[in-house]
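> Chains as they are written, first to last, in my numbering: chain U, 51 to 255; chain V, 51 to 255.
There are 2 protein chains.
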Amino acid sequence: MYRLFGMSGSGNCHKVRLLLEQLGLDYRWQEVDVVGGATREPAFLALNPNGRVPLLELEPGVLLPESNAILCYLADGTPLWPTERLARARTLQWLFFEQYTHEPAIAVARFIRQFLPPDHPRRQELPRLLDRGRAALDVMEQHLSTQPFFVGDRYSIADIGLFPYTRAADEGGFDLAGYPAIGAWFRRVEAQPGFVAMEKPGAPR
Amino acid sequence: MYRLFGMSGSGNCHKVRLLLEQLGLDYRWQEVDVVGGATREPAFLALNPNGRVPLLELEPGVLLPESNAILCYLADGTPLWPTERLARARTLQWLFFEQYTHEPAIAVARFIRQFLPPDHPRRQELPRLLDRGRAALDVMEQHLSTQPFFVGDRYSIADIGLFPYTRAADEGGFDLAGYPAIGAWFRRVEAQPGFVAMEKPGAPR
Numbered sequence: 051m052y053r054l055f056g057m058s059g060s061g062n063c064h065k066v067r068l069l070l071e072q073l074g075l076d077y078r079w080q081e082v083d084v085v086g087g088a089t090r091e092p093a094f095l096a097l098n099p100n101g102r103v104p105l106l107e108l109e110p111g112v113l114l115p116e117s118n119a120i121l122c123y124l125a126d127g128t129p130l131w132p133t134e135r136l137a138r139a140r141t142l143q144w145l146f147f148e149q150y151t152h153e154p155a156i157a158v159a160r161f162i163r164q165f166l167p168p169d170h171p172r173r174q175e176l177p178r179l180l181d182r183g184r185a186a187l188d189v190m191e192q193h194l195s196t197q198p199f200f201v202g203d204r205y206s207i208a209d210i211g212l213f214p215y216t217r218a219a220d221e222g223g224f225d226l227a228g229y230p231a232i233g234a235w236f237r238r239v240e241a242q243p244g245f246v247a248m249e250k251p252g253a254p255r
Numbered sequence: 051m052y053r054l055f056g057m058s059g060s061g062n063c064h065k066v067r068l069l070l071e072q073l074g075l076d077y078r079w080q081e082v083d084v085v086g087g088a089t090r091e092p093a094f095l096a097l098n099p100n101g102r103v104p105l106l107e108l109e110p111g112v113l114l115p116e117s118n119a120i121l122c123y124l125a126d127g128t129p130l131w132p133t134e135r136l137a138r139a140r141t142l143q144w145l146f147f148e149q150y151t152h153e154p155a156i157a158v159a160r161f162i163r164q165f166l167p168p169d170h171p172r173r174q175e176l177p178r179l180l181d182r183g184r185a186a187l188d189v190m191e192q193h194l195s196t197q198p199f200f201v202g203d204r205y206s207i208a209d210i211g212l213f214p215y216t217r218a219a220d221e222g223g224f225d226l227a228g229y230p231a232i233g234a235w236f237r238r239v240e241a242q243p244g245f246v247a248m249e250k251p252g253a254p255r
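1) How would you call residue 74 of chain V, buried or exposed, if buried means at least 16 neighbouring beta carbons within 10 angstroms?
2) Measuring straight from C-alpha to C-alpha, what distance separates residue 67 of chain U and residue 198 of chain V?
3) Please go through the same chain and pick out, in chain order, the residues whose beta-carbon is closer than 6 Å to the beta-carbon of residue 164 of chain U, but skip the five residues on each side of it.
4) Residue 153 of chain V to residue 120 of chain V, Cα distance in whole Å?
5) Since residue 114 of chain U meets chain V, which of its residues come closer than 7 Å, beta carbon to beta carbon?
6) When the cut-off is 8 Å and only beta carbons count, does residue 88 of chain U lie next to chain V?
7) Return yes when the Cβ of residue 176 of chain U is within less than 8 Å of the Cβ of residue 156 of chain U, no when it is not.
8) May I ask you to list, following chain order, the residues of the stretch 153-169 of chain U that have a beta carbon less than 8 Å from some beta carbon of chain V?
9) Straight-line CA distance for residue 102 of chain U to residue 234 of chain U?
10) Check the DSSP bridge columns for residue 55 of chain U and list the partner residues they point to.
11) With DSSP as the reference, label residue 114 of chain U as helix, strand or coil.
12) Report the residue ranges of all alpha helix (DSSP H) runs contained in full by the stretch 209-249 of chain V; include only those spanning at least 4 residues, in chain order.
13) Buried or exposed for residue 86 of chain U, going by 16 or more other Cβ atoms inside 10 Å?
14) What does a CB cutoff of less than 6 Å around residue 69 of chain U pick up in its chain, not counting 5 residues either side in sequence?
15) Between residue 141 of chain V and residue 206 of chain V, which are expected to be in contact by the criterion C-beta below 8 Å, what is the C-beta distance as a whole number of angstroms?
16) I want to verify the contact list: residues of chain V whose CB lies under 9 Å from the CB of residue 82 of chain U, in sequence order.
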C-alpha cells in the first residue's frame, strides 16, 4: 500500500490524492504539519532532503517527491498519461507550465491569503502575484476555448495537475467569472469517475 | 530540421541546445530578443501564448514550449531518458525540482545581476534568492555525494536540465567552492560527447 505524506488543503498534495482515488489504488494519507515546521525537522528531511510534501512512499524506504513526477509515476501504463510521443510531451508541457508559471502565482497568492496572518509582510507580494496568475489563467482560457481537456480530447494527468489550484484560485483573490472555458472544464473534471474535491483551508478532514 | 527559438545566455534555452548537439540532431537557432520585449509581441504570442523561450518548432506550425518538456520529447527513445518506471519518474523528479525549486532562485538571481541595471529595485530580492538557491545547491550536493549523476550511474536529461544554471550560479552571486560533489559532477558532464558550454551573458555567439 502506498503512503502519501501530505498537507490537507495543499493543491500539490491534493493532485496526488485525486489520482490515487481515480485509479482506485490503496493508500494511506499521513498528515504533515507543514505550517508548524514539520517538513524542516530532521526526521522528515531524512525522507525528503528538499523538505516538501507531497511525498509518496512506494514501499518502505523508497520515496518519490515532486507532485507532478508522482502523477507520472502513478499514471504510467494507464490512459491518464498518453504514450504517443507528442501527446506525452504535451502532457509534460502543461505539468511544467503548472509548476513554473501557474503554481508560483496562483497557489502562492492563496497561501498568503489563507495561511498567513492578515498583517503579514508577504501580503505586499499580492498585486504582482495576481497579475502573473491572471496571465496564466488567460493562457489556460485560450487553450480550453479550443479543446475540452489540456491534451487533446481526453482527461489526463495534465488536467489533474492543473485542477486543484485553479479550482481554488478564488481563495487567492482571483475572480474566475471572466473565464467561461475554465468554468466548463471544471465541470468536465468534476464529472470524472472517482473525483474528490479538495478540502477548504482549515477544514477538518 | 528543428527550429529552436531561444535567447543566448539563457540556461533554459541552453539545455535544449546542449541536448540537440549531443543527440546530433539538425536544428536552426533563432535568436529572440527577450529583454527587448520580443516574446510579448503578437507574432511571438501566436507561436507560444505563454510568451516564453525556449520554443521548439518540430515541423511548420507544430510548436513545443517548456524547456524540460522539450528535453523529454527529444530524448524519447534514447538512453538519455530511462524507460524503467522508477528511473523515469526520478528523472522527472529532478526536472521538476529544477523548474520549481532551483531555477526560480538560482537563475533569477543571475538574471537580476547580469541582465538588469545595477540600480534596479529587483536587487532587493537577492538575499532571499541566495538563501533559497543555497538550499537547492545543498540538496544537489547531498545527492551527488552518493552517486555520479542525478539518476543512478548514467548521464541523463536530469543532468542536462540541472547543468546550465548550476554551472553559471557564480554569475548569480553563489560561491560554489563549498560544493565539491557538484564540482566533480560539472567535470563529468563537461566530459560527455558533444558537450557545448553556454555563452556568457552579453557575449556574441
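All C-beta atoms in this analysis are idealised placements derived from N, C-alpha and C, irrespective of residue type, glycine included.
On the basis of the data shown:
1) Looking at its Cβ environment, which holds fewer than 16 other Cβ atoms inside 10 Å, residue 74 of chain V is exposed.
2) 33 Å
3) 221 and 251
4) The straight-line gap separating the alpha-carbon atoms of residue 153 of chain V and residue 120 of chain V is approximately 16 Å.
5) 139 and 143
6) no
7) no
8) 153 and 154
9) 32 Å
10) U/80 and U/105
11) Three-state result, residue 114 of chain U: strand.
12) 230-240
13) exposed
14) 121, 124 and 210
15) 6 Å
16) In chain order: nothing, as chain V lies at least about 17 Å away.
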